[in-house]
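This report refers to the structure that appears directly beneath it.
There are 6 protein chains.
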Amino acid sequence: MKRLLNRKADELRPIFLGPGFVKNAKGSCFVKFGDTHVICTATIEEKIPFFLKNTGTGWITAEYGMLPCSSSNERIEREAVKGKQSGRTQEIQRLIGRTLRAAIDLTMLGERQIKIDCDVIQADGGTRTASITGGYVAMYQAVHQLLKQRKIAKNPIMHQIAGISCGVVDGVASLDLDYSEDSNAEVDANFILDSELNIVEIQMTAEKSPVSSATFNELFDLAKKGTREIAELQQQAIATLK
Amino acid sequence: MKRLLNRKADELRPIFLGPGFVKNAKGSCFVKFGDTHVICTATIEEKIPFFLKNTGTGWITAEYGMLPCSSSNERIEREAVKGKQSGRTQEIQRLIGRTLRAAIDLTMLGERQIKIDCDVIQADGGTRTASITGGYVAMYQAVHQLLKQRKIAKNPIMHQIAGISCGVVDGVASLDLDYSEDSNAEVDANFILDSELNIVEIQMTAEKSPVSSATFNELFDLAKKGTREIAELQQQAIATLK
Amino acid sequence: MKRLLNRKADELRPIFLGPGFVKNAKGSCFVKFGDTHVICTATIEEKIPFFLKNTGTGWITAEYGMLPCSSSNERIEREAVKGKQSGRTQEIQRLIGRTLRAAIDLTMLGERQIKIDCDVIQADGGTRTASITGGYVAMYQAVHQLLKQRKIAKNPIMHQIAGISCGVVDGVASLDLDYSEDSNAEVDANFILDSELNIVEIQMTAEKSPVSSATFNELFDLAKKGTREIAELQQQAIATLK
Amino acid sequence: MKRLLNRKADELRPIFLGPGFVKNAKGSCFVKFGDTHVICTATIEEKIPFFLKNTGTGWITAEYGMLPCSSSNERIEREAVKGKQSGRTQEIQRLIGRTLRAAIDLTMLGERQIKIDCDVIQADGGTRTASITGGYVAMYQAVHQLLKQRKIAKNPIMHQIAGISCGVVDGVASLDLDYSEDSNAEVDANFILDSELNIVEIQMTAEKSPVSSATFNELFDLAKKGTREIAELQQQAIATLK
Amino acid sequence: MKRLLNRKADELRPIFLGPGFVKNAKGSCFVKFGDTHVICTATIEEKIPFFLKNTGTGWITAEYGMLPCSSSNERIEREAVKGKQSGRTQEIQRLIGRTLRAAIDLTMLGERQIKIDCDVIQADGGTRTASITGGYVAMYQAVHQLLKQRKIAKNPIMHQIAGISCGVVDGVASLDLDYSEDSNAEVDANFILDSELNIVEIQMTAEKSPVSSATFNELFDLAKKGTREIAELQQQAIATLK
Amino acid sequence: MKRLLNRKADELRPIFLGPGFVKNAKGSCFVKFGDTHVICTATIEEKIPFFLKNTGTGWITAEYGMLPCSSSNERIEREAVKGKQSGRTQEIQRLIGRTLRAAIDLTMLGERQIKIDCDVIQADGGTRTASITGGYVAMYQAVHQLLKQRKIAKNPIMHQIAGISCGVVDGVASLDLDYSEDSNAEVDANFILDSELNIVEIQMTAEKSPVSSATFNELFDLAKKGTREIAELQQQAIATLK
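Residue numbers (our numbering), protein chains in the order written: chain A, 6 to 247; chain B, 6 to 247; chain C, 6 to 247; chain D, 6 to 247; chain E, 6 to 247; chain F, 6 to 247.
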C-alpha cells in the first residue's frame, strides 16, 4: 500500500507545534500531526488533590475531548450532552496525565497542580500521542511562568517527553499512522519516550492475532526514530518562548 | 470610561470570519470578535427529530460549549466531566438554534437536519452573538453543499441573520461589549437581526435596576448600525466559498 | 380569530393571586392566569452562594417545575425521573431568579438567600410570567417576615415587578396569550416590567420570520397596559397579609 | 401525650377528597388528611411496559414527588435538580403502584396503562397512605372515562382500596399519625386494606426495639376502623363524578 | 405442588453461614439459603452521617447489589453501567440497614458507622432476608473486633435478628420460598424477627387479590418456626469466631 | 526486599482456577492469584452491537467491578452509588474485552455476543490479569456449550490467552506483583500473551522515571515464564469441564 503523499514507512507526517495559541491560558500549544489538530492548554491551580494535602508535592493531570465535528467519520456526540466521558476518553486522559507526570519532579513543583487540556479540532489518527507531544510544550510554558514569577526556584522538568504511534499496516511496520492506516492496522502501538529514548510508557495491541517479539522490536525502532525528530521540533517550539 | 484601543461607543471590535476552518465539517467558520474566538461547524444529518417525522420538513439545531481554558477568569470545569450542560449553556444553544431556524424555510430543506456546533476557544464577551454570526456562515456553506450535490433544488435560506451584543456601561450605550465591559454593564442586550434590520430575537436585561424605553431605543439603534457592518462581512466571507 | 370567552386583544385573562397557600412556606402564592395555575413559595436560607461569602450581600434564586399532569397535551415526563432539568426549565428558572433580583437591594438583605419555587399545577400559556408575578408576592411575604422578626431593619424591595406575555396571533397583537394562541403565534414576547413601567427584562422572538420595530412597539404598549392592571392586583394581594 | 385538637387515639384527622382538581388530567383528586395535602392525577397511556406486549393485559404504575416547600422542616431539595429520585421516593411510588394494581383486574383493562402521579403540596405525616387513598379516586375517575368512551366494556376495578398509617406513640397505639407523632413513634405501620378489610399490603417497622404480636394486632384493629371510615369518604367522592 | 427435593411446606432450605469469607473486611459472612448465595461484609468507618455529628451516637447502614450473572433468568444489567441503583435495590438496602439498626443500641457504638455490604452471587429467592441474616453475622464480627480493640467497652448488640421469607403458593402457606415459588406466589411476605420472636419488621403483599387476616397469621407462624432454626445457626456461626 | 512467603523474583503466587463456580452462568471461573480473588462469568446473548448487525460476525465484551470490601485499603465506594464507572474500571474492562476478542475468530461465532463479567472479591494486585486469565476459562466454557448445543459447528477459539503482571520492585525485576509490591514498583507492566508466547497486548509504565529497553526485555522474559505456567493451569481447569 502506498502512503498518502508518498510518505515512506518510517516517515513522520508534517508536524507543527505552535505555542501560545490561547491567550487566556498559562501555557498552550496548537499541535498538528498532518490533519490531526489538537489545542493543548495548561492551567496552574494553587490547590492539590486530596491525597497530596500537606505533602509539599505537586501534581499534573489532564483532560481530553474531541469537538463534535473533529471526526472524519460522522459527527461525534458531545460528551457534555451524553452526560459522561466515554471509556476511551478517560483512558486517553489518564495516559496523558500519567506520562506528563513522569517528566517532572513533583516534589519540586510545590503544592500546586498543572492541568493539561487537550481538545481535538481535527482527528486523523494519533490524537493521544499528539496530545502528549503538545501537552509537554504547554506544560513547559506554564512551568516557565512559575519560574519567571519566582513561585518555584528551580525547573522541576527532568525529562523531555513525546509520544508517537506506529503499527503494522498491510504487513509493513509504519511510523505515525493516519486514520485510514490506523483503522486497518494489524498491530497498533503507542510509544511515549523521553528525548534520551528511554521508555515512559508502551502500549501495544495485536488487533487481529497475536504477534511475535520481532514485530515489537521493529515498531520500537521506528518509534525511536520518530521521537528523535519530534524532540527536535519541541526544542525549536520552546526556544520561541521568551 | 475609555474603551480598549480607543474604540468608540458605537464601534465594533475587529471581526474576522474564516469559513472552511475544519476540514471534516460540511460547513465551518472560525469567528473572531476581538479576543472572542469561536469555531462554528455544521453537520448535515439525514434524520430528523421525532416530532417532524413524515412532515417533509427539516430542522436546524445547535450545540454550544466552551473549552476549559477559554475564559479570561479561572479555568471552566469541563461539562463532560461535570456530567451535564449548565443552564447557561443550554440557554445559549437554544437561542442559536432558534434564531438560525428563523433564517431558513424549513419546508424547503427536506427531512434533514443541520446541526451547528459552536465551540468557544477564547471568550471575551459576546460569545453567543459571535456564535450566531459565524453559525450563519457555517450553515450557509452546508446548504451550499446540498445545492451543489442537488439534494435540494432551491436555496431555502430566506434571511441573512447576525447577532450583536450591546449594553449600557458607565451610563454610556455601547456596541459590542468585551468581557470587562459586559461584567460591569447596567444593561445587557443581545439583538439578532436580519440584514434588512428586522427583528429575529431581542433579549434585554436590566442588571442593576429597571430602565426606561429610551434606553432600549438607544441600544436598538446601535445594534442596527453593528448589524449592517457585520452583514457586509458575512457577505464577503460567503463570497470566498466556491 | 375570536379569543376564548370573547376576550379582547388587549384584555388579560381572569387573574387570581392567593397568598399563604402553603402553610409550611415562609411566603407563598397560588397564582391563576385563566387556566394557568402555579404554586409559588419562598424559603429563607441563612446561607449564601459561595461567590457572595463575606460580602454582606444577599441573593434571590428560583426553581421551576411542572407537575406531570399539568400540560393540556400529553403527560410531561417527571424531570426527577429523567434525571435532569430540561433546557427550557433551566432557562425559565434563571429568568425568574434574575428578574426578582432586580426588584431588591441585595445589600440590604444581609447574607441570606430567598429561594422561590414555582410549581405549575396547570399549564395554559404564560407559566413563566405567572411565576414571576406570583413569585414577587411570595418573596414580598418572606421579606415581610424578616422585617417582623427584626432580622432586617428596612424593606430591601425597591421595585414592584410583574411579568406578562404577549404576541402576534393571526396578525393581531394580543395580550396574555393562552396555550392555543401561544402555539400559533408569529411573534412571542415576555415583558417583565416594574410598576412604573420601566424595563426589567424583555424577550421577544419572531417564531416564523423577522418582524419590524413597529410590531415590537405595539407589543410593548400592550405589555404596559397589562402590567398596570397586574400591579394593582399584586397590591391588593399584599394588602391581605398582616 | 395529648393529640392535637384533642384527637382521640382511634380518631382520623379531618379528611377531604376533592376529585377533578386538575382540569387537564383524565382523573384527579386533591386529598387532605389534616395538614397533609396531596394532588393525585391519573393519565391513560395507550402503551404498555415491554414485558406486557401482546398479552392483552394492562398496567397501573405510580410516581411520587414532594414540592420543595411541602415539608414542615427545612426545604426539600428538588429531585430534578439532584438528578435522581431518592430511595424513599422510589419505595413509596413502588408501593402506590403495587397496591393500586391489586385493586384491578389488569386483563380487563386492555393493553393500556394508567399512571398515577402523587405530588405532595404539604406534608404532615402519612403522605404515602394519603396518596394511595386519593390515587384510588383518581384511578376510578380515569377508568370511568374509559367506560364512558366505550374503550372498555366492563369495570375492571374489583376492590376498593385505601391506605392508613398507624403507630405506637408514647406507648399508645394510635390511628393516622401526624408528623410530630410519626417522628417519635416506637412502631410505625402502614396498612393498605380493601373496603372488605382484607389485606392488600402491610408494612410495620419497630423503630426502637422489637415488639410483640399483641402490638401488631392492636394496630391492625385501628387500621380496620380507619379504613371503614375512609372507604365511606371515597364512596362519597366517587358519587360526585358524573 | 411438590417442592424441590421433597421439601415440606414448613421446611427451610439447607442454610450455610460462613463467617470470615473476605479477608480484607472487618466482618464477613458467606450466606447460602439453598441456591441463594450472598457475600455480606462489614466495614467500620470512624465517621458518621451529618445529622448525627456531635451526638455521640453511631449508625448502621447497608448497601445491596447483585452480580450480573447471579440471576437464574437473563443477565442483570450492572447498576454501575446503568448509572443508578434501581428502586428495588434501594428498597432492599434501606430494609437491611433499618432492621440491623434495630438490633443495636446505637448510643453504645460511639460516633462511628458500620456499613454492611450485601452482594448476591447467586439469586434463587429470598436474597433480602438472606442478606439480613448474614449481615447480622458480619456486623457481629465487626462489633466483636471493636470490643477486642477496646474501642467500645460493652457489646451494643441488644437483639439477635434474622430474616425469612414466606408466602402462599398454590394455596399453601410455605416457608422460605425459592425463586420458582416466589414468582408464582399469591402472597409474599418477609418477616424480620429477633431470636425472642418479637417483630422487627413485617412486609406482606397480596400479589393477586386481597387476603384475610387468617392467612397473615398462618404465615407469621411459619416465620416464627423458621426464625427459631435460623437463630440457632447464627449462634453456631458466631461461636466459630475467636 | 524479601517477598512474602519467600517467593522468588520469578515465581508466581499460588494460582487456583475453579470453573463452574456460578450455577446460573453459561461459563464461570473463580480465579485466585494468591489473595487476589475474582469471579469471572460468561453470558451468551443472541444479539450483537449495532455496528455488527447483518455481518454474520460475533463479539466478545467485558465488564469489571470490585466489591466494596475487596480492597485491602479502605472500603471502595460502590460505583452503582456513585452513578458511574471510574476511568480505571473502564480502562480495565476495555482491556479484558479487547484481549479476549484476540483469542477468537469472531466470524465463526455467528451473530452473538459473549459477555464476560469479572467481579473482584478480594484485591491484592493483578486483578486485571487475573480477570483475563479466568475470563478465558469462562469464555471457553461458554463456547463449549455452544458447540454441545450445535449452535456453532467448529470451535472459534484460535489462541489460548492469559495475562500476568510484572514490574521492577526495589530494583529487581519481579513476576506477579502483589499489592504491596505493585504500589512501590518503579515499573509496572501487564503482558497478555498466548500459549505460544506471542503478544496480544503489552502495557508498560515507568512510574518514577523513564527506563531502558533492557528493563523491558527483562520483564518480558519473566512474563513468558509466568505465562507458560499459567497456560498449563488453564489447560488443567478446562480439562475438568465435561
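Each residue gets a CB set at the ideal place from its N, CA and C atoms; glycine is no exception.
query: Exposure of F/Q154, with buried meaning 16 or more beta-carbon neighbours within 10 Å; result: exposed
query: C/P73 - DSSP class collapsed to helix/strand/coil; result: helix
query: Close-in-space but distant-in-sequence residues of the same chain around E/E212 (CB under 7 Å, 5 per side omitted); result: A190, E191, V192 and D193
query: Interface flag, B/A135 vs chain A, CB-CB below 7 Å; result: no
query: Residues near A/M163 by beta carbon distance below 8 Å, same chain, minus five either side; result: A108, I109 and D110
query: Simplified DSSP state of C/Q165, which is helix, strand or coil; result: coil
query: Straight-line gap, A/G70 to A/T94 (C-alpha atoms, nearest Å); result: 7 Å
query: Cβ separation of F/I65 and F/F38, assumed to be a contact under 8 Å, to the nearest whole Å; result: Actually they do not touch by this definition, with Cβ atoms about 22 Å apart.
query: Opening and closing residue of the beta strand (DSSP E) in which A/I49 lies; result: T41 to E50
query: Buried versus exposed, by CB contacts within 10 Å (16 or more), A/T60; result: exposed
query: 8 Å Cβ cut-off: residues of chain D touching C/Q90; result: A85 and V86
query: Terminal residues of the beta strand (DSSP E) in which B/N195 lies; result: V192 to D199
query: Extent of the continuous alpha helix (DSSP H) run through D/F225; result: S218 to A244
query: Option in B/C34, B/E82 and B/L22 with minimal Cα separation from B/E237; result: B/L22
query: C/V177 - containing beta strand (DSSP E), residue span; result: V177 to L180
query: For A/E68: DSSP bridge partner residues; result: A/D122
query: Test item: CB-CB of C/C34 and D/A30 under 7 Å; result: no
query: Any C-beta of chain F under 7 Å from that of E/Q127; result: yes
query: Check whether B/A167 and B/P24 have beta carbons under 7 Å apart; result: no
query: Residue interval of the alpha helix (DSSP H) (run including A/I101); result: G92 to R106
query: Contact belief for B/C142 with B/N160 at Cβ below 8 Å, rounded distance in angstroms; result: According to the sequence as given, residue 142 of chain B is Val; it is not Cys. So it is not a contact: roughly 15 Å between Cβ atoms.
query: Boundaries (first-last residue) of the beta strand (DSSP E) holding F/T60; result: Looking at the DSSP string, F/T60 is not in any beta strand (DSSP E), and its letter there is neither H nor E.
query: Coil, strand or helix - E/A14 by DSSP; result: coil
query: For E/V27, three-class secondary structure by DSSP; result: coil
query: D/D122 at chain E interface by Cβ criterion, 7 Å; result: no
query: At least three beta-carbon pairs within less than 8 Å, the stretch 123–136 of chain C to the stretch 35–55 of chain C; result: yes
query: Proximity below 7 Å, CB of F/I157 to CB of F/G115; result: yes
query: Residue burial classification, D/K13 (beta-carbon count within 10 angstroms, cutoff 16); result: exposed
query: Beta carbon proximity, E/K52 to chain F, threshold 7 Å; result: no
query: Contacts of C/T68 in chain D (Cβ-Cβ under 9 Å); result: It is worth fixing the name first, because residue 68 of chain C is Glu in this sequence and not Thr. P73, R83, A85 and V86, listed in chain order.
query: Residues near A/L152 in its chain [Cβ-Cβ closer than 7 Å; skip 5 each side]; result: N160
query: E/G88, DSSP secondary structure in three states; result: coil
query: First through last residue of the alpha helix (DSSP H) which encompasses D/Q150; result: T132 to K153
query: Chain A contacts made by the stretch 35–59 of chain B, where a contact means CB separation under 9 Å; result: D40, H42, I44, T46, A47, T48 and E50
query: Secondary structure of A/S185, DSSP reduced to three states; result: helix
query: Alpha carbon of E/D122 to alpha carbon of E/E68, nearest angstrom; result: 5 Å
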